[in-house]
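Below you'll find the structure, written out as structure tokens, and then a few comments.
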Amino acid sequence: MRRLWLRGCTNRWRTLLVTLSSAGCCLLVVGLWLLPAHGKDLMPQKEQETTEVGSTSSPSFDDQKAGTPQSLFTWIKMARGYEVEWDTFGRKGWYTQDPRLKPVDPASVFTPDAAVVYIVFESAPLEDPTQFSAQWFLEGDDGALPSKPFGQDVLELPGYERYGFLELKRPGERWPVGAYVVKLYIAPHGQQSFHAVNQVGTLRFTITDKELPPSPPVR
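All residue numbers for the sequence shown refer to our numbering, where the first residue is 213 and numbers rise by one.
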């Protein structure tokens, strides 16, 4: 009889200990959940200056064939300016979120006092926001490019917009005379704009202090 009573007491103590242990675990989990989090990225994102191993060869967009797309570009041109053709969609004067852009005075040779060199383009319609980017480099005497670009520009287009332009702004009062190479990049929104894997092609332009012929009349 006494043995049965002791066994019953032992079982009750075991049940009590298990209950207390479970409650303690719950309190511990709740306490840890309420503690402020101090997360730390082991490898924080960093814009890479260069991602190339050796030289990256990409197609040139300088010599384009009519009706032949260049990468995602339906057409792409360097110009001294651009126009917005607001009346090209629907009725004349109607507002549109995707106005058609037209390059003004397309050229590949510019004077040192040019405030901006424009790259105007039409791309294939994309469902997601996309970054179109450009880096330009002043070529050395041996044709080599420096490690750092002379300048850069990034344009973010919303989904389903096709027309855009990049601005190559004059550094200071005058452009240095010489030959320039423009590297063009296309990347999804949020990715590194100037990663080598996103490079799609190149363009070239020249800055000269010689007098340029007058621009042809606009028709």
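A virtual CB, placed ideally from N, CA and C, is assigned to each residue, including glycine. The structure displayed is predicted, hence computed values, not measured ones.
- Between residue 324 and residue 386, the beta carbon gap of about 4 Å places them in contact (Cβ cut-off 8 Å).
- CA-CA distance, residue 398 to residue 407, rounds to 10 Å.
- By the Cβ criterion, the segment 281 to 290 is in contact with the segment 317 to 336, since at least three pairs of Cβ atoms, one from each stretch, lie closer than 8 Å.
- In terms of Cβ geometry, residue 377 and residue 362 do not form a close pair [threshold 8 Å].
- Going by C-alpha positions, residue 424 is about 8 Å away from residue 321.
- One thing to note: residue 311 has its Cβ no nearer than 8 Å to the Cβ of residue 341.
- Residue 393 sits away from residue 346, with the two beta carbons spaced by 8 Å or more.
- Put simply, of 326, 403, 353, 413 the residue whose alpha carbon is nearest the alpha carbon of residue 274 is 413.
- In the displayed model, residue 296 falls within a strand according to three-state DSSP.
- Under the DSSP assignment, residue 272 falls outside any beta strand (DSSP E); it carries neither an H nor an E label.
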